[in-house]
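The sequence shown maps to residues 3 to 332 in the numbering used here.
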Amino acid sequence: MSKQVAVIGSGSWGLALGNHIAEMGNNVKVWSFTEEEKNLINNEHKCKFIPEMVLNNNLMCSNNIKEVVNGADYIFHVTPSKFTRNIFKEYKEYVGNSPIIICSKGFENDSLKTLDKVILEELPNAKIAALSGPSYAVEVSKHIPTAVILASKDEVVLENISELLMNDYMRIYKSKDIIGVEVGGALKNIIAFCAGICAELNLGTNAQSALITRGLAEITRLGIAMGAEKETFYGLSGLGDLILTCSSDESRNRRAGRLIGKKMNIEEVKNEIGMTIESIDNIEIAKKLSKKYNVEMPIVNAAYDVLYGNLKPEDAVTILMNRTKKFENE
């Protein structure tokens, strides 16, 4: 049976996901902040960020968030993480009993909370799920086989949303570890940013492999300290997403790192990328989390110092390579 689905956010991932759901025969309403994007979606069936994608006729866009959410069977929240609370406040009274699927990757700046906790603070009885994993929007729009992970503590929610999303080119794996799925998705962006710097400095594949491996170690340590399960970080939302974003310039976070490697400043990088760069938005949060949970995160600290402490990228590499000798599992 066809479902009514709300997508909060009209960026590349929001529209690719919404279009995927619409192509499976469901009615999708997308909320956009701008009149320009609404008109582009409704009149030309186009996505600003993926020009080659043709949007399905079952998908429409509105700037009226009540119109989008009211009566929806499922709500996919796909806004930049830093706007999650404020935007959720605009539509929480229309949610009813509908599950909210968090597709954003990041933390709340002031509270350092994962996004599920932000939503539950605003709506304590909300049914929450988190969707993450290696999934470039442009590849999903082209029906290229993709596997992602869906986490929820509610088995019925897991089953129903998996049924809604899964087809020949979209495979859904289930998890109950919402914290792990969210932490992995948020922190991998920072490591991808560092991978971009490495690429721009021509450090080679040895360095990139070391970065991915040690970056995963940092993500896992923090995630466990926050209450996540270790195994989650060796799955799609951890290692899988990390490999994807560190290995291709399709990742805006990796591209941002490359631009920093070219000696651009933060504002120049943001203007060049033209979309939200979650790594830059969340690097300070990650540093604060490492202090809060007393977890050693040298790569995160180095990335922060490059962005905000005037540390040269090549000097950051030297500092990391000359740290005190350790066992690998320390």
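We treat Cβ as the ideally placed atom computed from N, Cα and C, and that holds for glycine.
Beta carbon of residue i nearer than 7 Å to that of residue j
i: Asn255; j: Ser281; result: yes
i: Thr86; j: Leu114; result: no
i: Ile301; j: Gly242; result: no
i: Ile43; j: Cys63; result: yes
i: Cys200; j: Ala209; result: yes
i: Phe235; j: Gly186; result: yes
i: Leu61; j: Val30; result: yes
i: Ala131; j: Ser100; result: no
i: Val333; j: Tyr96; result: No answer is possible for residue 333: it lies beyond the span of the chain, which begins at 3 and ends at 332.
i: Ser177; j: Ile214; result: no
i: Lys5; j: Asn28; result: yes
i: Ile279; j: Val140; result: no
i: Ala227; j: Tyr295; result: yes
i: Glu125; j: Lys94; result: Strictly speaking, residue 125 in this sequence is Leu, with Glu absent from that position. Contact flag set, yes.
i: Ala258; j: Ile192; result: no
i: Ser143; j: Met55; result: yes
For residue j and residue i, believed in contact at Cβ under 8 Å, the rounded distance
i: Gly108; j: Asn284; result: 5 Å
i: Ala230; j: Gly263; result: That pair is no contact at about 31 Å.
Buried or exposed by the 16-neighbour rule on C-beta atoms within 10 Å, applied to residue i
i: Lys91; result: exposed
i: Tyr310; result: exposed
i: Asp179; result: buried
i: Lys190; result: buried
i: Arg325; result: exposed
i: Glu39; result: buried
i: Ile146; result: exposed
i: Val158; result: exposed
i: Glu165; result: exposed
Sheet register partners of residue i (DSSP bridge)
i: Cys63; result: Val32
i: Lys48; result: Val56
i: Tyr76; result: Val7
- [ ] Please go through the stretch 5-43 and give each complete alpha helix (DSSP H) segment of 4 or more residues, from N-terminal end onward.
- [x] The qualifying runs are 14-25.
Open item on the list: Runs of 3 residues minimum, wholly inside the stretch 142-202: which ones carry the beta strand (DSSP E) assignment?
Closed with: Counting whole runs of 3 or more residues, the stretch 142-202 contains the beta strand (DSSP E) stretches 148-153, 172-177.
Open item on the list: Please give the ranges of any alpha helix (DSSP H) in the stretch 204-240, keeping only runs that are unbroken, at least 4 residues long and fully inside the region.
Closed with: The stretch 204-240 is shown to contain whole alpha helix (DSSP H) runs of 4 or more residues at 206-227, in chain order.
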